[in-house]
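Student:
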Amino acid sequence: MGAELISIFIVAIFIENVVLSQVLGLCPFIGVSSKIDSAVGMGLAVTFVLLMASVVTWSVQNFILVPLQLEYLQTISFILIIAALVQFVEMVVKKTAPALYQSLGVFLPLITTNCAVLGISLINIKKGYNLIEATVNAGGAGLGFFFALLIMAGIRERLDISELPETMKGAPIAFVTAGLLATAFMGFSGLV
Amino acid sequence: MNPLQQLTKGFWKDNPIFVIGLGLCPALAVSSSLTNAIGMGIAATFVLIGSNMMIALLRNLIPAKIRIPVYIVIIATFVTIIDKLIAAYSPALSASLGIFIPLIVVNCIILGRAEAFASKNTVLDSLLDAIGMGVGFTIALCFIAFFRELLGEGKLFGHAIPLFKADPALIMIMAPGGFIVFGLLIALKRLMAGKGEN
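Chains as they are written, first to last, in the working numbering: chain X, 339 to 530; chain V, 19 to 216.
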């Protein structure tokens, strides 16, 4: 059991990295990766929401939708849960930890439309994980997102001061860099 | 803007993917083959037409404060419909697109057009806008998929192409290939538009 959980965790971080291998959550990956500070904020916020969303959507799916045979409402209910959850987290953080809110504040509303959150929630159901496995998978995916964003931000801060052809500046070079980074991450596939 | 311009602006000039930079996740995730690209394009266009028309129809009834949740519910409804339709009539496509069909809900193109266009324009204009953006999205997906399938598998629509068949670069149909092809294509689009960043 323990070994299985560790393997799910490692696979979620490195081998099936949410951004570089599953291609989810690209908008914040490209949009918020130009500075290391904001990359850290976004990475933490996404990890936190992913964990909470996975627990809640898993419970709703298995305790409400399946017993009542309402599985066709999965998409609608999941996206509403995530939107409500993000709003709720924003309010709680604002009241209890103003300093954290200052640093995360701007990123929180954006997370509703981060497809990594809905994507991981759906994958948890699809793979038939139990609640603990789903939580571990979400934690791993969140950390994977965090690492990918951090590495990318580091590279892009360096790219800013290099001489590039005019047409490659900004988005094009960011994507080519992401491609090379994803190639490097493929090297982890023999790990588990 | 006349109706024809309304319809065609999304095809190339204001292409949602290459120019506006919306909806990137599906663009890279399902563009490993032309068949997937067209399937995804049709599904997203259907949702776009449905949600744009519905929102334009209800634009005076939706209270401004809760408009975003209302838009999301409308979009999610159409996504559920297309999800079940594809699963019933084309199980193979449903299996290969996987979670990317329900993920159309969070495709920023659809919410973006609802907020930026359908909430302020008539039903007919919104329909034309939806078709234009949907076709533009499909064109962009096919464009990426053309290079990835040709270079990565030596095939087009699953048919082998003589010159490329021998030794395909498998990496092109995997995630890294998607990033690299997409990056080079935006650069190409910029070069053709004759300008650099901004």
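Using N, Cα and C, we set each Cβ at its ideal position, and we do this for glycine too.
It should be emphasised that the depicted structure is a prediction, and the values quoted were computed from it without experimental measurement.
1. Along the alpha helix (DSSP H) that carries Y229 (chain V), what are the first and last residues, could you check?
2. Give me the Cβ distance between A193 (chain V) and S359 (chain X), rounded to the nearest whole Å; I'm assuming they're in contact under 8 Å.
3. If the cut-off is 9 Å on Cβ atoms, which residues from the stretch 493 to 521 of chain X count as contacting chain V, listed in chain order?
4. Could you list which residues in chain X have their beta carbon closer than 7 Å to that of K183 (chain V), in chain order?
5. Interface residues of chain V around K464 (chain X) at Cβ under 7 Å?
6. May I ask you to list, following chain order, the residues of the stretch 351 to 376 of chain X that have a beta carbon less than 8 Å from some beta carbon of chain V?
7. For the stretch 394 to 410 of chain X, enumerate the residues whose C-beta is nearer than 9 Å to any C-beta of chain V, in chain order.
8. Check each residue of the stretch 100 to 114 of chain V: if its Cβ is closer than 9 Å to any Cβ of chain X, include it; give the result in chain order.
9. Put A187 (chain V) into one of helix, strand or coil per three-state DSSP.
10. Where do the ends of the alpha helix (DSSP H) carrying M72 (chain V) lie?
11. Can the beta-carbon of I119 (chain V) be found less than 8 Å from the beta-carbon of I93 (chain V)?
12. Secondary structure at K432 (chain X), three-state DSSP: helix, strand or coil?
13. To the nearest angstrom, how far is the alpha carbon of L25 (chain V) from that of D32 (chain V)?
14. Is any beta-carbon of chain X found at less than 8 Å from that of G214 (chain V)?
15. If you drop the 5 nearest sequence neighbours on each side, which residues of the same chain put their C-beta closer than 8 Å to that of F347 (chain X)?
16. Please confirm if C160 (chain V) has its CB atom under 8 Å from at least one CB of chain X.
17. Under 8 Å between the Cβ atoms of G201 (chain V) and V514 (chain X)?
18. In the DSSP assignment, find the alpha helix (DSSP H) that holds I511 (chain X) and state where it starts and stops.
19. Give the secondary structure of L174 (chain V) by DSSP, where H, G and I count as helix, E and B as strand, and everything else as coil.
20. How is I179 (chain V) classed by DSSP in three states: helix, strand or coil?
21. For V37 (chain V), go through chain X and note every residue whose CB falls closer than 8 Å to its CB, in chain order.
22. Excluding five sequence neighbours on each side, which residues of the same chain lie with their C-beta closer than 7 Å to the C-beta of L411 (chain X)?
Tutor: Answer, in terms of the structure:
1. Chain V is shown only over 19 to 216; residue 229 (chain V) falls outside these bounds and no answer can be derived.
2. 5 Å
3. P503, E504, T505, M506, K507, G508, A509, P510, I511, A512, F513, V514, T515, A516, G517, L518, L519, A520 and T521
4. Simply none; closest approach about 23 Å.
5. I117
6. L358, S359, Q360, V361, L362, G363, L364, C365 and I368
7. Y410
8. D101 and K102
9. coil
10. L52 to L75
11. no
12. helix
13. 11 Å
14. Bear in mind that a pLDDT of 43 at G214 (chain V), under 50, signals an unreliable position, so the number given afterwards is only what the model happens to contain. Yes, G214 (chain V) lies at the interface with chain X (some Cβ there is under 8 Å from its Cβ).
15. V474, N475, G477 and G478
16. no
17. yes
18. A509 to M524
19. strand
20. coil
21. Neighbours of V37 (chain V) on chain X: none; closest Cβ ~11 Å, over 8 Å.
22. L403
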